[in-house]
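Counting from 1226, one number per residue, gives the positions in the sequence shown under the working numbering.
Ideal Cβ placement from N, Cα and C applies to all residues, glycine included.
None of these values were measured; they are calculated from a predicted model.
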Amino acid sequence: MFHTAKNRILSAALLCISASVFAQGLPADPTFEVRPIITPGVLEKKSSTALQSLGIAAEQGDAKAQYQLGMSYLNGLNTKKDIEKAAQWFAMAASQGDDRAQVRLGYLTEFGRGVQLDINRSTQLYKMSSEQGNTEAHARYARALELGQGVQKDPIKAFALYRLANRAGEQLGEKGVERMNKILTSEQKSRARDLENKIRKEMPTRY
C-alpha cells in the first residue's frame, strides 16, 4: 500500500529528476526537482519512529518535513550523517519556497558540500531566502553583494541587509556592520539606513 502511494506521488511529477541537476546552472525562476532517496524499506529499518514519520511526510511533499529531514541528515540526528542526501531534501523544500531550505542549500552550494560548488547559484538562493525575510540569508546575501560574488557589487544594499541581520542577532550581520562601518562614507551609510527602513517595512520577518 505504501509503495502504491509513493508511486502515485512520484508519477504526479512532484519530484522527477536526479541529483545531477545540482551540476547545472540555476534558471531565473529556479525550481529544484530531485527524487526522494529514502525508500519504504529503509524507513522501516530505522529505529526512530519520529524519523519514519518525518520521512513519510517528506516523501509526500511536505516542505517543512523535507527541510527537517535535510537537517537530520546534515547533522546526523537519528540517522547517519549524509550531506548529499541533506542537500537533496533541502532542494525539494527550496523548490516549494521554504526560505530555511533555500539558505541551507545556498550554503552547501557556496562551499561545495554535498553538491557542486556554484557561487552564482548559492547567491541566488540567498537572495530568494532573504526576500522572504530570512535573517541569516540577509547576512549571507549581503556578503555576496559586498564582494560581488555571483552578483554585481552593491555596498549600500549590503550594509542595509547587514544591519537587518544584525538587528535580528545574526553574528554575520554584526561582523558585516562593523566591517562596512569602517569603509563606507557618511553619505553611503545614510543611503543604506534609508534602504534598510524601506526593506524592513516591505519585507516579511519570519524568524
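Quick check on Glu-1269: buried or exposed, where buried means 16 or more other Cβ atoms within 10 Å of its Cβ? With a pLDDT of 45 at Glu-1269, under the threshold of 50, the modelled position of this residue cannot be trusted, and the question is left open.
Could you name each continuous alpha helix (DSSP H) segment of 4 residues or more that falls completely within the stretch 1276 to 1311, going from the start of the chain to the end? 1288 to 1300
Taking the alpha-carbon positions, what's the Phe-1247 to Tyr-1351 distance? Note that Phe-1247 scores a pLDDT of 37, beneath 50, so its modelled location is shaky; the value from the coordinates is reported in the next line. Taking the straight line from one Cα to the other gives about 16 angstroms.
Can you tell me whether Thr-1410 is helix, strand or coil according to DSSP? coil
Rounded to the nearest angstrom, how far is the Cβ of Arg-1365 from that of Val-1402, given a contact under 8 angstroms? Actually they do not touch by this definition, with Cβ atoms about 14 angstroms apart.
Run through the stretch 1338 to 1424 for me and flag every whole alpha helix (DSSP H) of 4 or more residues, listed as ranges in chain order. 1344 to 1355, 1360 to 1372, 1380 to 1392 and 1396 to 1406
Buried versus exposed call for Glu-1335 [16 or more other C-beta atoms within 10 Å across all chains shown]: buried
heavy atom of the ligand MN below 8 angstroms from Gln-1377 C-beta: The ligand MN is not part of this structure, which contains no ligands at all.
Which first and last residues belong to the alpha helix (DSSP H) in which Gly-1331 is found? 1324 to 1336
How big is the Cα-Cα spacing for Lys-1306 and Ala-1326? 17 angstroms
What's the C-alpha gap between Glu-1284 and Ala-1316? 13 angstroms
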